[in-house]
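My numbering puts the first residue of the sequence shown at 2, with every later residue one more than the last. Okay, structure first, notes after.
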Amino acid sequence: MSETVRHITVTINRPAAQVYEFASNPENLPQWASGLAGSISRVDGEWVSESPMGKVKIRFAEKNGFGVLDHDVVLPNGTSIRNPMRVVPHKGGSEVVFTLFRQPGVTDKKFADDAAWVEKDLNRLKSVVEK
Numbered sequence: 002m003s004e005t006v007r008h009i010t011v012t013i014n015r016p017a018a019q020v021y022e023f024a025s026n027p028e029n030l031p032q033w034a035s036g037l038a039g040s041i042s043r044v045d046g047e048w049v050s051e052s053p054m055g056k057v058k059i060r061f062a063e064k065n066g067f068g069v070l071d072h073d074v075v076l077p078n079g080t081s082i083r084n085p086m087r088v089v090p091h092k093g094g095s096e097v098v099f100t101l102f103r104q105p106g107v108t109d110k111k112f113a114d115d116a117a118w119v120e121k122d123l124n125r126l127k128s129v130v131e132k
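Structure follows, in structure tokens:
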């Protein structure tokens with residue numbers, strides 16, 4: 002079964018380690034990830050966020066030296082969506098790459114809207130980190 006996939010990237014004029022340090026801190030999500038976190042808190046050992054999709058649980062990749070920011074989002078109905086994300090060093094700055102997988106039943110318009118939202122959030126991350 003083939004899924005539609007989009008790799009959405011943004012160049013950030015800061016070292017990859019600095020971008021990773023900021024973006025890997027769940028408490029920073031409300032500053033840049035409007036598609037995921039209006040607010041976020043630790044509840045019974047799990048990260049719980051108020052998002053546009055409702056209350057979701059977010060499970061993050063362990064801190065690592067490779068720039069991996071993968072996270073799973075568990076929707077209110079229990080569906081878990083994997084979100085691969087990386088910070089890659091590039092010419093003294095960094096590239097942030099988010100891989101968006103089209104979920105079953107998602108229309109072309111909804112997939113395009115999701116991609117635009119991710120792009121907007123990555124640009125917000127750029128703005129916040131470059132300040």
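Virtual Cβ for every residue (Gly too), placed ideally from N, Cα, C.
query, result
"If you count every other CB in all the chains shown that lies within 10 Å of the CB of S42, and 16 or more means buried, which is it?", "exposed"
"L126 and W48: beta carbons closer than 8 Å?", "no"
"Determine, using beta carbons only, whether P27 and G39 come nearer to each other than 8 Å.", "no"
"Could you tell me which of G68, D115, E131 and K121 sits nearest to V6, measuring between CA atoms?", "D115"
"Helix, strand or coil: how does DSSP classify N14 here?", "coil"
"When burial is assigned at 16 or more other CB atoms within 10 Å of the CB, is S128 buried or exposed?", "exposed"
"Output the boundary residues of the alpha helix (DSSP H) element that contains N124.", "D109 to E131"
"Would you mind working out which of I82, H91 and A62 sits nearest A18, comparing C-alpha positions?", "H91"
"Within its chain, find whatever has a CB closer than 7 Å to the CB of V20; leave out the 5 residues flanking it on each side and keep chain order.", "I13, V88, S95, V97 and V130"
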